[in-house]
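**Q** Pasting in a structure now, in structure tokens, and then I'll have a few things to ask.
Given below as structure tokens:
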């Protein structure tokens with residue numbers, strides 16, 4: 004279980020996270036929604052240890068992440084898989100090398116075993132072996148996302164983080180990525196946090212939804228509860244109303 | 003007036019802060035060279051990128067520098083009837099000053115800017131964050147191999163610059179202007195001492211660390227977007243060139 008308690012973060016005197024409280028149950032997908040620039044990715048970066056909070060706690064299975072540092076934090080991160088917004092594939096490595104990277108860096112598996120695992124993940128993402136030798140620049144946006152997902156999954160993480168997983172993709176490809184998230188979640192049973200503003204499609208993958216607004220969680224519950232939430236700000240966001248988006 | 007003093011103070015504080023940041027960054031990178039995994043393959047790849055790929059431009063610069071120095075030196079020395087000292091004049095200037103400084107500036111322009119852009123792009127496309135979340139230290143994986151490569155490659159490139167420069171000087175002085183080949187090399191042998199060569203090596207080592215440190219630091223702390231990368235690249239070349247010249251003065255006064 005991941006528990007965020009009273010998380011506060013400011014940049015240049017401006018409060019981005021203003022006392023976030025959120026619980027993400029083990030084995031479930033928690034979706035955090037909110038308009039662009041509201042601090043969703045900042046929240047995610049705190050949980051994966053890329054940013055340190057000004058105050059507050061991030062408890063993962065009883066361990067306070069925000070107090071870990073150096074090697075302890077790095078070892079803790081081995082339990083994570085992260086799908087970054089742009090994929091974050093390494094430019095100088097081809098698809099095979101990108102997916103194999105975590106295994107080559109963090110395990111002593113023989114090359115044959117690594118190759119087998121990489122090919123399994125490629126097949127899982129509906130990618131053929133022809134893409135193995137391509138560089139990230141030669142891939143379409145959807146392929147990049149699927150390769151990045153394969154890389155994030157290669158070490159069979161306990162916790163997955165998805166930062167805007169379908170932003171910039173066309174609707175069919177967005178649905179493919181959502182389908183892959185659901186499929187891998189069913190197969191692996193990982194705990195997940197998805198950060199997105201792509202509504203309403205993103206609701207299909209979530210077990211619970213939380214809405215972030217002005218640095219706080221203003222609503223949290225099952226997807227149906229959020230869709231019928233009485234708060235006008237939540238309703239305005241879900242319907243994509245102009246007034247709210249420009250506020 | 004008060005505003006001007008405040009701005010000056012703020013700028014001075016920023017410079018001190020950045021210098022401190024760079025020093026911590028350097029110490030952390032060098033310390034990580036002694037922590038496994040040692041990443042020898044990455045160091046070799048970076049020696050190729052920073053060193054081997056700079057060889058042609060360094061040889062060209064060295065050749066023309068040696069040729070110009072021979073041409074200038076010949077007409078100056080001729081006025082005093084000392085054309086025989088041309089070899090020692092060319093060699094001493096190259097080994098003590100021109101070799102380390104011009105090699106440093108050329109490496110900064112070619113490889114330093116590329117390093118800053120590469121790391122800057124890795125920063126803005128979250129590749130450095132990706133390394134971090136995979137429990138791989140980005141400084142150890144990206145920065146440390148480049149720093150070691152700079153320390154190894156720049157002194158070697160300087161040596162190449164010196165040799166090619168001396169040959170360029172030979173081409174102009176001996177082949178074109180008729181200075182005796184024997185006196186060109188004999189003068190060199192008599193006047194160049196170990197201190198000159200050691201001084202050149204120390205300078206090139208310091209310049210190598212400076213160029214790659216500035217490039218890695220600026221790239222690692224780049225601002226958002228293409229503008230951030232462009233600024234980091236630009237600052238790398240300018241700051242490296244200024245630091246090379248400043249270090250050159252400090253080290254020369256130390257060796258004199």
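Chains as they are written, first to last, in our numbering: chain A, 4 to 250; chain B, 3 to 258. Cβ atoms here follow ideal geometry from the backbone N, Cα and C, with glycine treated the same way.
#1: Looking at the strands, I want to know which residues DSSP matches up with residue 35/A.
#2: How about the stretch 99-110 of chain B and the stretch 153-162 of chain B: do they share at least three Cβ pairs that are nearer than 8 Å?
#3: Can you tell me whether residue 58/A is helix, strand or coil according to DSSP?
#4: Start and end of the alpha helix (DSSP H) containing residue 165/B?
#5: Below 8 Å on C-beta distance, what does residue 109/A contact in chain B?
#6: Using 8 Å as the limit for Cβ to Cβ distance, is residue 128/B near chain A?
#7: Cβ of residue 171/A within 8 Å of Cβ of residue 192/A?
#8: Is DSSP giving residue 104/A helix, strand or coil here?
#9: Would you please verify whether the beta carbon of residue 1/B is less than 8 Å from any beta carbon of chain A?
#10: Just to confirm my understanding: we take residue 44/B, look at its own chain, exclude 5 residues before and 5 after, and list those with CB closer than 6 Å. What are they?
#11: What residues match up with residue 84/A in a beta bridge as DSSP calls it?
#12: Within the same chain, show all residues whose beta-carbon is closer than 8 Å to that of residue 194/B, passing over the 5 residues directly before and after it, in chain order.
#13: Are residue 92/A and residue 48/A close, meaning C-beta to C-beta below 8 Å?
#14: Mind reading off the beta-carbon distance from residue 194/A to residue 5/A? Whole number of angstroms is fine, and I expect it under 8 Å.
#15: Is the beta carbon of residue 90/A less than 8 Å from the beta carbon of residue 150/A?
#16: So, for residue 166/A: in the same chain, excluding its five sequence neighbours on each side, which residues have a beta-carbon less than 6 Å away from its beta-carbon?
#17: Can residue 186/B and residue 175/B be called in contact, C-beta distance under 8 Å?
#18: Only counting the same chain, and skipping five residues up and downstream in sequence, which positions put a Cβ closer than 6 Å to that of residue 232/A?
#19: My assumption, with CB atoms under 8 Å, is that residue 224/B sits in contact with residue 249/B. Please give the rounded CB distance.
#20: Measuring only the C-alpha atoms, how far is residue 190/B from residue 96/A?
#21: Tell me whether residue 35/B sits in a helix, a strand or coil according to DSSP, three-state version.
#22: How many Å lie between residue 24/A and residue 210/B at the Cα?
#23: Can you tell which of 28/B, 246/B, 202/B has the C-alpha that lies nearest to the C-alpha of residue 99/B?
#24: When the Cα atoms are used, what is the spatial distance from residue 111/A to residue 80/A?
#25: Taking the CB atoms as reference points, tell me whether residue 240/A and residue 12/A lie closer together than 8 Å.
#26: Would you mind reading off the limits of the alpha helix (DSSP H) that contains residue 189/B?
#27: For the beta strand (DSSP E) that contains residue 142/B, what are its first and last residues?
#28: Sort 225/A, 108/A, 118/A by Cα distance to residue 27/A and report the nearest one.
#29: Does DSSP classify residue 40/A as helix, strand or coil?
#30: For the alpha helix (DSSP H) holding residue 97/B, just list the boundary residues, first then last.
#31: Any idea what DSSP makes of residue 248/A, helix, strand or coil?
#32: In angstroms with no decimal places, state the Cα-to-Cα distance between residue 138/B and residue 214/B.
#33: Using alpha carbons as the reference points, say which of 154/B, 76/B, 77/B, 51/B lies closest to residue 112/B.
#34: Can you tell me which of the three DSSP states residue 250/B falls into?
#35: Run through DSSP, which three-state label would residue 17/A get?
#36: For residue 245/B, collect the residues of the same chain with a Cβ closer than 6 Å to its Cβ; drop the 5 residues on either side in sequence, then sort them by chain order.
**A** In brief:
#1: 198/A, 213/A
#2: yes
#3: strand
#4: 146-172
#5: 136, 137, 138
#6: yes
#7: no
#8: helix
#9: Nothing about residue 1/B can be reported from this structure: the residues present for chain B run from 3 to 258 only.
#10: 147
#11: 163/A
#12: 90, 93, 94, 97
#13: no
#14: 7 Å
#15: yes
#16: 44, 47, 87, 88, 198
#17: yes
#18: 222
#19: About 24 Å separates the two Cβ atoms, so there is no contact after all.
#20: 48 Å
#21: coil
#22: 49 Å
#23: 202/B
#24: 18 Å
#25: no
#26: 183-193
#27: Premise fails: residue 142/B is in no beta strand (DSSP E) and is neither H nor E.
#28: 225/A
#29: coil
#30: Run containing residue 97/B: none; DSSP gives neither H nor E here.
#31: Unreliable placement is indicated for residue 248/A, whose pLDDT of 46 sits below 50; no coordinate value is reported for it.
#32: 21 Å
#33: 51/B
#34: helix
#35: strand
#36: 212
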